[in-house]
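Asks: Converting from the sequence shown to my numbering requires adding 129 to each position, the first position being numbered 1.
Every residue gets a Cβ at the ideal spot worked out from N, C-alpha and C, and that includes glycine.
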Amino acid sequence: MTQVELKSNTPPEDNQPGHKVVAHTEHPKAWKWYDYFTFNVDHKVIGIQYLVTAFVFYLIGGLMAIAMRAELATPDADVLDPNLYNAFMTNHGTFMIFLWIVPSAIGGFGNYLVPLMVGARDMAFPKLNAVAFWLNPPAGALLLASFIFGGSQSGWTAYPPLSLVTANTAQSLWILAIVLVGTSSILGSLNFVITIWKMKIPSMRWDQLPLFCWAIMATSVLALLSTPVLAAGLVLLLFDLNFGTSFFKPDAGGNVVIYQHLFWFYSHPAVYLMILPIFGIMSEVIPVHARKPIFGYKAIAYSSLAICVVGLFVWVHHMFTSGTPGWMRMFFTISTLIVAVPTGVKIFGWVATLWGGKIRFTTAMLFAIGLLSMFVMGGLSGVTMGTAPFDVHIHDTYYVVAHFHYVLFGGSVFGIYAGIYHWFPKMTGRMLNETWGRVHFFLTFIGTNLTFLPMHELGLQGMPRRVAMYDPQFTTLNQICTIGAFILGLSVIPFTINIIWSWIAGAKAGDNPWNALTLEWTTTSPPAIENWEVLPVLTHGPYDYGKNGHSVEGTQNATAVTANS
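#1: On the premise that Leu-434 lies in contact with Ala-347, defined as a C-beta separation below 8 Å, what is that separation, rounded to the nearest angstrom?
#2: Check the DSSP bridge columns for Asn-660 and list the partner residues they point to.
#3: Give every residue of the same chain whose Cβ lies closer than 7 Å to the Cβ of Asn-220, excluding the five residues on either side of it in the sequence, and list them in chain order.
#4: Does the separation of the CB atoms of Gly-544 and Ile-436 fall below 8 Å?
#5: Going by C-alpha distance, which of Ala-614, Ile-467, Phe-581, Ala-547 is nearest Leu-501?
#6: Nearest by alpha-carbon distance to Ala-497: which of His-418, Val-439, Phe-533, Met-514 is it?
#7: What three-state label does DSSP hand Lys-378 in the structure shown?
#8: I'd like the ranges of any alpha helix (DSSP H) spanning at least 4 consecutive residues and lying wholly in the stretch 537-598.
#9: May I ask which residues mark the beginning and end of the alpha helix (DSSP H) holding Glu-413?
#10: Which same chain residues end up closer than 8 Å to Asn-641 when comparing Cβ atoms and leaving out the 5 residues on each side of it in sequence?
#11: Measure the C-alpha to C-alpha separation of Leu-402 and Phe-276 and round it to an integer number of angstroms.
#12: Does the stretch 379-392 come close enough to the stretch 439-457 to have 3 or more Cβ pairs within less than 8 Å?
#13: Quick check: the Cα distance between Gly-191 and Ile-226, rounded to an integer number of angstroms?
#14: In angstroms, rounded to a whole number, what distance separates the CA positions of Thr-625 and Val-568?
#15: Would you say the stretch 254-269 touches the stretch 281-294, given that touching needs at least three Cβ pairs under 8 Å?
#16: With DSSP collapsed to three states, give me the class of Lys-637.
#17: Given a cut-off of 8 Å on the beta-carbon distance, is the pair Gly-588 and Tyr-528 in contact?
#18: Measuring alpha carbon to alpha carbon, tell me which residue in Thr-564, Val-358, Cys-610, Arg-198 is nearest Pro-583.
#19: For the putative contact between Gly-515 and Thr-465, defined by C-beta atoms under 8 Å, what is the C-beta separation to the nearest angstrom?
#20: Can you check DSSP and say which residues form a bridge with Thr-526?
#21: Going by beta carbon distance, what residues of the same chain come within less than 8 Å of Asn-562, once the five residues before and after it are set aside?
#22: Leaving aside the five residues before and after Lys-676 along the sequence, list all residues of the same chain whose C-beta is less than 7 Å from its C-beta, in chain order.
#23: How far does the alpha helix (DSSP H) with Glu-200 in it reach, from first residue to last?
#24: When you compare only the Cα positions, how much space is there between Phe-581 and Asn-320?
#25: Specify the secondary structure class of Gln-282 as computed by DSSP and reduced to three states.
#26: Is it a yes or a no for the stretch 241-256 touching the stretch 170-181, going by three-plus beta-carbon pairs under 8 Å?
#27: Got a sec? Which residues, its chain only, sit under 8 Å from Asp-369 by beta carbon, not counting five neighbours each side?
#28: Under 8 Å, do Pro-204 and Pro-601 count as touching if we go by C-beta distance?
#29: Who are the Cβ neighbours of Ala-344 in its own chain at under 6 Å, not counting the five residues just before and after it?
#30: Tell me whether Val-151 sits in a helix, a strand or coil according to DSSP, three-state version.
#31: Please work out which residues of its chain come closer than 7 Å, Cβ to Cβ, to Val-181, disregarding the five sequence neighbours upstream and downstream, and give them in chain order.
#32: Please classify Leu-209: does DSSP put it in a helix, a strand, or coil?
#33: Under the three-state reduction of DSSP, which class applies to Asp-673: helix, strand or coil?
#34: Which whole-angstrom value describes the C-beta separation of Ile-304 and Leu-363, a residue pair presumed to lie in contact below a C-beta threshold of 8 Å?
#35: In chain order, what residues of the same chain have a beta carbon less than 7 Å from the beta carbon of Phe-341, not counting five sequence neighbours either side?
#36: Can you give the beta carbon distance from Ala-517 to Arg-458, rounded, assuming they're within the 8 Å contact cut?
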């Protein structure tokens with residue numbers, strides 16, 4: 130065991146700089162590759178574990194999607210057996226939501242960046258953080274194991290009574306997997322809230338907190354309030370499946386609508402769990418690559434909190450066709466329209482930041498701008514669906530599929546890609562190849578629009594979702610969607626090659642290749658195991674481009690000053 134004397138600016142009692150503390154550490158100078166396969170408590174290792182594991186599950190879910198689109202190229206069931214199609218449809222959604230977007234956006238970027246952005250050496254509870262990650266691989270294994278028993282076939286919503294009569298063992302494994310992921314989300318969210326509140330450096334005021342941290346804070350509070358409700362509903366469903374209870378069995382006095390309330394009380398906020406961290410990524414990427422201060426910092430920060438609050442009161446718009454009384458429809462139509470306001474505030478702030486900026490069209494910026502266009506499209510269709518009369522008309526049609534994917538693929542996945550291209554140099558010390566990055570972007574952009582834009586028309590014409598066989602009149606549009614899906618599948622190839630090759634032999638990045646001003650860029654790339662030898666002292670805001678001597682053109686500027694130990 131070695132002793133290291135550090136000059137800390139966070140003494141335990143008086144918060145005055147200059148207090149001497151002695152830190153004991155057994156850490157090596159750098160982690161080896163095999164450390165990333167162990168129960169490691171370093172928040173940066175855990176962040177990369179989340180990102181890589183989630184990407185593997187993304188590939189699995191994507192292969193299921195391609196198989197489904199191959200089936201839908203013709204009206205007949207000539208590629209997949211209908212039962213296998215149902216299992217792929219159910220688990221595609223489950224993998225993409227619970228094991229790709231949520232773990233990568235919150236667990237991956239959140240774990241890696243939050244301590245660095247607030248000037249902490251690690252998360253508040255490092256071991257709990259590792260436990261939260263290691264609940265995810267078993268969850269994925271349970272979902273894959275469910276195919277041994279036919280796979281869950283009731284959709285990612287698992288509505289009873291359908292979920293009570295199809296593939297009992299597979300459905301039970303599905304429920305256990307989601308409970309594991311939910312437990313991971315609760316543990317991680319608790320860690321984020323305490324880390325941001327208690328461990329940010331004293332010199333950082335709340336109005337200097339990076340907007341990504343504001344987004345993670347709002348996301349974590351939302352997860353803590355909503356996830357236990359889903360867990361309760363799924364446990365009751367598990368009891369109905371295996372222990373003879375009748376909470377949701379209509380023929381035994383159970384109430385299936387109660388399950389829908391329990392499910393959507395979490396699962397609509399889950400949309401914000403997936404998109405709020407992405408909003409935070411957007412708020413970090415755009416100012417750096419536009420070389421301009423973020424427009425409306427406080428409005429963007431507080432709009433995250435507004436989404437957190439209002440987002441808890443919109444879930445019934447998923448249930449307008451479930452015998453919902455008129456007064457309830459009216460209330461949730463209004464709340465659904467209101468929740469669009471803080472989202473609009475963010476979009477306005479990002480566009481105003483781009484306006485007049487010295488934009489560098491890096492791959493990260495291309496994905497950020499692509500996200501703006503995609504999310505506006507998804508948001509507009511979401512507003513139409515939030516009004517009860519229109520929603521009743523297009524409920525359970527492909528219009529819903531189109532909206533959902535524009536929001537979550539065009540929104541969340543584009544944001545994840547933007548974050549990877551932006552922070553990959555920090556994580557690895559090497560640059561991604563920009564040429565291959567642009568190929569990846571354009572394939573993804575074209576594939577996304579070609580896949581999901583025609584689905585709006587399919588839905589308006591009345592094609593139901595979640596079916597393997599359909600009326601031949603929908604064939605042409607479905608074939609266009611299938612071509613787009615295959616382009617999307619191809620887009621992952623240059624990205625994967627770029628990541629692996631650049632990690633091994635990419636150009637050296639330096640500590641701050643983007644000349645950014647947030648704290649994570651004041652460390653080495655990749656960061657030291659404990660982030661800093663001496664904790665930083667903040668001297669200016671995270672987005673002060675063109676202010677206080679910080680050049681708009683991108684000359685190197687330090688974000689913090691540190692004393693020599």
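Replies: Taking the coordinates as given:
#1: 5 Å
#2: Ala-657
#3: Met-193, Leu-272, Gly-280, Ser-281
#4: no
#5: Ala-547
#6: His-418
#7: coil
#8: 543-557, 563-590
#9: 398-419
#10: Trp-650, Thr-651, Ser-654, Gln-685
#11: 28 Å
#12: yes
#13: 12 Å
#14: 12 Å
#15: no
#16: strand
#17: yes
#18: Cys-610
#19: 3 Å
#20: Pro-593
#21: Asn-627, Trp-630, Ser-631, Gly-635
#22: Pro-422
#23: 172-200
#24: 37 Å
#25: coil
#26: yes
#27: Pro-289, Leu-293, Ser-375, Phe-376, Phe-377, Lys-378, Gly-383
#28: yes
#29: Leu-405, Pro-406, Phe-408, Gly-409, Ser-433
#30: Caution applies to Val-151, whose pLDDT of 36 falls short of 50 and renders its modelled position unreliable; the model cannot decide the point.
#31: none
#32: coil
#33: coil
#34: 5 Å
#35: Leu-242, Met-246, Gly-409, Ile-410, Ser-412, Glu-413
#36: 4 Å
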